[in-house]
Structure formats: C-alpha cells, structure tokens
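The numbers in our numbering rise by one with no breaks, and the one at position 142 of the sequence shown is 151.
Worksheet for the structure shown next.
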Amino acid sequence: GTEFERVVAVRLQKYKVAGVADIRRSGVQATMLPSGQWQVIPSRPDYEGLFRGPVPVVFDCKVCSAASMDLSPYRDATKGARRLQLNYMFDKSRFGARCFFLVHWNSRVLKTKEEGSVTFAMPVSPEMEFWKEFIAGEVCALRRSDCEEHGVHVPWTRFGESDHSYQPDIRAVL
10 GTEFERVVAV
20 RLQKYKVAGV
30 ADIRRSGVQA
40 TMLPSGQWQV
50 IPSRPDYEGL
60 FRGPVPVVFD
70 CKVCSAASMD
80 LSPYRDATKG
90 ARRLQLNYMF
100 DKSRFGARCF
110 FLVHWNSRVL
120 KTKEEGSVTF
130 AMPVSPEMEF
140 WKEFIAGEVC
150 ALRRSDCEEH
160 GVHVPWTRFG
170 ESDHSYQPDI
180 RAVL
C-alpha cells in the first residue's frame, strides 16, 4: 500500500509541475484535549484537489491482494474506523466532486486461473446502486468484479517521453 501511494504521489507531482492538476495529500489532523494530551482525528481520504477545468477530485488509495476488500471499517452502524472517509466522499460527491477509491488489485495465481494486476477507480456516491446496497447492509466487501462492473480501468503510463517509470494515469478517470 505504501509503495502504491508513493507511485501515485509521483504522478500527482508531475501533474502539478505540468499545470494539469493540484491534488494534495490530506494531512493528519489532531486536537489538544483539556487534559493536555493530543488526540488524533480519523483521517479524510488520502487525496483531494482539482484537475484543470476545474474538476474537483477526492480519492483514497487501496491495494488488495485478496479476492475482496473488506468494507466493514467504512460502516456507520459499527462505527468503523474509516467511516468518516467514506461519508466525506459521499458528501463531496453530492456537490459534484469525482470521488473514488483508487484500487490496485495485485496479481493472483489461483488453481484454475491467473488474475493479472490491474488498477480501477471505483466511484463513490450514495446514488450508485453498489453503495446503496452497502448502506443497506447487503454488500460487505468490494470485489475485483465490482470494480470491473462499476469502476473505470486506470492505465499505467509514462507521463511523457522522457519519463522512465510508469504510474497510474488518474486523468483517465475523468
């Protein structure tokens, strides 16, 4: 996960230098309690900013090596640790921001088939059927097939001819 976030940060910096986008990592927030101790506030999604247009975006990076990604930490009902991230994206999407999970599925070798690595932008909006089912408690996990059905494939490209490394081309989401 950390390596994926580093690669995403490289692409976002290239966008900024080229004047394509200004998307920044959300900082860690904390508050001082009356006791004098610091309390860390659960974070927002990893990144937020604007593509030229302006097109507001909010997204969280995820890497999954399993068959699915557990969504229970995002549940309001169970006071999941990451519920504020999802609710933040729900709120922003209501006002036109493009909100998504940038999910990188690692390659997997199974008994009967092999699944290659692939990256998707899985939209986050309370208006989407997938998220309506999640809110209703009918969906517990995000699967690769959900991303294939509802998400946008994110290709890995070089930013320009002089670029020697590949990063996910987040502009493809737009």
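A virtual CB, placed ideally from N, CA and C, is assigned to each residue, including glycine.
Remember, it's a predicted structure, so these values are computed and weren't measured experimentally.
**OP:** Determine the DSSP secondary structure at C149, reduced to helix, strand or coil.
**Re:** coil
Original post:
Which one of C149, K71, M41, E57 has the shortest CA to CA distance from I32?
Top reply: E57
Original post:
So F99 is in the alpha helix (DSSP H); what residue range does that whole segment cover?
Top reply: 92-103
Original post:
What residues are listed by DSSP as bridge partners for W140?
Top reply: Within the DSSP secondary-structure output, W140 pairs in no beta bridge.
Original post:
Alpha carbon to alpha carbon, what distance is there between Q94 and K88?
Top reply: 12 Å
**OP:** Check each candidate in R15, G146, G10, R20 and name the one with the smallest Cα separation from S81.
**Re:** Looking only at R15, G146, G10, R20, the smallest Cα-Cα distance to S81 is reached by G146.
Original post:
Do you know offhand how far V29's Cα is from D69's?
Top reply: 20 Å
Subject >> Start and end residues, alpha helix (DSSP H) containing K23 >> reply: 11-27
Original post:
Under a Cβ-count criterion, where at least 16 other Cβ atoms within 10 Å of its own Cβ denotes burial, should V112 be classed as buried or exposed?
Top reply: buried
Original post:
Looking only at its own chain, which residues have a Cβ that is under 6 Å from the Cβ of G105, when we skip the five neighbours before and after it?
Top reply: none
Original post:
Which residues in the same chain as Q176 place their Cβ atom closer than 6 Å to its Cβ, once the five residues preceding and following it in sequence are excluded?
Top reply: V16, V19, R20
Original post:
Where does the unbroken beta strand (DSSP E) through L111 begin, and where does it stop?
Top reply: Residue range 107-114 is occupied by the beta strand (DSSP E) that includes L111.
Original post:
Does the beta-carbon distance from V163 to F129 come in below 8 Å?
Top reply: yes
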